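In our numbering, the protein residues as written are 48 to 351.
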Amino acid sequence: MLQVKNLTFSYKKQPVLDAINFCVNAGEHFSIIGESGSGKSTLLKLLYGTYDLNKGHIFWKENEILGPKYHLITGPDYMKYVAQEFDLMPFITVSENIGAFLSNFYPEEKQARINELLEVVELQPFAHTKVKELSGGQKQRVAIARAIAKWPEVILLDEPFSHIDNFRKQSLRRSLFRYLKEKNITCIVSTHDKEDVLSFSDQMIVLHETKIMAKGTPQELFKNPKNKLIASFFDEFNELDHIGITYPHQLKKVDASPLRGIVTQSFFKGHYYLIEVNLNGKSIFFEHDEALKKNESICLSITR
Ligand code: ADP
Ligand code: MG
């Protein structure tokens with residue numbers, strides 16, 4: 048288990064993270080979300096032992112993870128960290144990069160491991176391509192494969208799919224997260240993409256103004272977002288008087304109800320339309336199966 052106890056850290060005077068506590072069980076998939084600048088990357092770096100804490104402790108099992116005051120080399124050997132800016136060796140091939148830290152003692156095993164990893168990150172066609180010839184997203188995948196090559200117990204991923212296009216993202220995410228789960232590799236991911244979280248995370252935390260604003264399973268946080276920031280991570284949302292936060296899929300058009308408004312715009316979303324309605328001067332969104340005419344007067348009711 049990873050235990051973070053009362054972690055406090057500042058680069059300068061102002062704390063970036065203040066009295067942070069959480070635990071991650073071995074083999075769990077754990078997500079860290081929060082706005083830009085909320086300290087996600089800093090927290091991952093601290094878990095890796097990149098900086099000394101101002102206060103608090105981090106443990107993996109019975110080992111304390113300590114900062115540079117205590118170590119010449121950053122990062123415990125059971126842990127791997129893939130930064131937002133990954134550093135690869137540009138003049139050697141994808142396969143050579145992935146295998147860079149694997150032993151040459153058993154060349155066949157080494158090659159088999161590289162092939163397995165090429166498959167996980169869907170880079171088989173680029174095995175012999177030099178890294179300098181790859182796109183940003185492809186490099187990101189090489190960095191991930193290299194990080195899991197030597198079977199870490201814990202992998203820290205900082206916005207792992209930020210450079211990867213939508214064509215690839217869905218299948219890559221499934222492939223990687225499924226692999227880490229199967230191999231019982233604890234995975235801690237910073238992200239601002241709900242798709243990284245909803246289907247894969249066992250637990251998540253929301254960082255805001257140096258603190259953990261919310262902690263729970265994605266189901267818990269999605270179903271009961273306790274404020275606008277949490278709701279906005281998952282979807283568009285509405286704040287209705289006396290009702291609170293609702294998502295657009297929780298409202299539907301009905302023949303009569305006290306919630307009456309005027310359609311302002313219909314947004315095509317693929318299998319539905321997101322309809323914007325002016326309700327007493329406030330913009331409200333709901334999902335509907337067809338576009339509605341601008342200025343049409345409609346009634347809404349809550350379906351949850
Ligand atoms: P996130 O990853 O959530 O976008 P970061 O952890 O990168 O947030 O940054 C958190 C805060 O710490 C920001 O205010 C950022 O400006 C500051 N910060 C990040 N890295 C450094 C650094 N090396 N030196 C000083 N301040 C930093
Ligand atoms: Mg970051």
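Built from N, CA and C at the ideal position, the CB exists for glycine as well. Because the structure is a prediction, the values reported are computed rather than measured.
Near ligand 2: residue i beta-carbon under 7 Å from a heavy atom
| i | result |
| --- | --- |
| Ser88 | yes |
| Glu206 | yes |
| Gln131 | yes |
| Ser237 | yes |
Per DSSP, cross-strand counterpart(s) of residue i
| i | result |
| --- | --- |
| Asn285 | Thr293 |
| Ala338 | Note: Ala338 sits in no beta bridge, so no partner. |
| Trp107 | Leu49 and Asn110 |
| Ala261 | Val253 |
| Ile79 | Ser237 and Ile252 |
Contact test: residue i Cβ vs ligand 1 heavy atom, cutoff 7 Å
| i | result |
| --- | --- |
| Val63 | yes |
| Tyr128 | no |
| Gly81 | yes |
| Tyr153 | no |
| Lys33 | Outside the displayed range of the chain (48 to 351) lies residue 33, so it cannot be described from this structure. |
| Ser85 | yes |
| Lys258 | no |
| Tyr95 | no |
| Lys241 | no |
| Tyr58 | yes |
Residue i, DSSP secondary structure in three states
| i | result |
| --- | --- |
| Gln50 | strand |
| Asp65 | strand |
| Phe148 | coil |
| Ala184 | Rather than Ala, the amino acid found at residue 184 in this sequence is Gly. Residue state, collapsed to three classes: helix. |
| Lys102 | strand |
| Ser222 | helix |
| Leu245 | coil |
| Lys59 | coil |
| Asn9 | The displayed coordinates of the chain run from 48 to 351. Any statement about residue 9 would go beyond what the structure contains. |
| Gln131 | coil |
| Phe280 | helix |
| Gln347 | The sequence given here places Leu at residue 347; Gln does not occur at that position. The answer is strand: DSSP assigns Leu347 an E or B state. |
| Thr89 | helix |
Nearest-angstrom Cα separation, counted from residue j out to residue i
| i | j | result |
| --- | --- | --- |
| Thr293 | Glu334 | 12 Å |
| Ile55 | Gln185 | This sequence places Thr at residue 55; Ile is not what is there. About 35 Å. |
| Phe332 | Ile277 | 17 Å |
| Glu163 | Ile235 | 22 Å |
| His104 | Gly74 | 21 Å |
| Ala147 | Gly81 | 34 Å |
| Thr264 | Phe315 | 30 Å |
| Leu326 | Gly308 | 4 Å |
| Pro272 | Gln187 | 32 Å |
| Val253 | Arg221 | 23 Å |
| Asn97 | Lys59 | For the record, residue 97 in the displayed sequence is Thr; it is not Asn. Each residue's Cα considered, the two are about 16 Å apart. |
| Asp288 | Gln297 | 15 Å |
| Leu100 | Lys329 | 45 Å |
| Glu169 | Glu242 | 19 Å |
| Phe227 | Trp198 | It is Leu, not Phe, that sits at residue 227 in the sequence shown. So the two alpha carbons sit approximately 10 Å from each other. |
Proximity test, residue i beta-carbon vs ligand 3 heavy atom, cut-off 7 Å
| i | result |
| --- | --- |
| Val236 | Ligand 3 is not among the ligands present in this structure, which contains only ligand 1 and ligand 2. |
Kindly confirm or deny that the segment 147–159 and the segment 81–89 touch, where touching means at least three C-beta pairs closer than 8 Å. no
Using a Cβ distance threshold of 8 Å, determine whether the segment 132–150 contacts the segment 169–181, with at least three qualifying pairs required. yes
May I ask you to verify whether the segment 299–308 touches the segment 334–351, counting CB pairs closer than 8 Å and requiring at least 3? yes
Below 8 Å, can you find three or more Cβ-Cβ pairs linking the segment 55–72 to the segment 111–130? no
Within the chosen definition, does the segment 225–235 reach the segment 192–204 through at least 3 CB pairs nearer than 8 Å? yes
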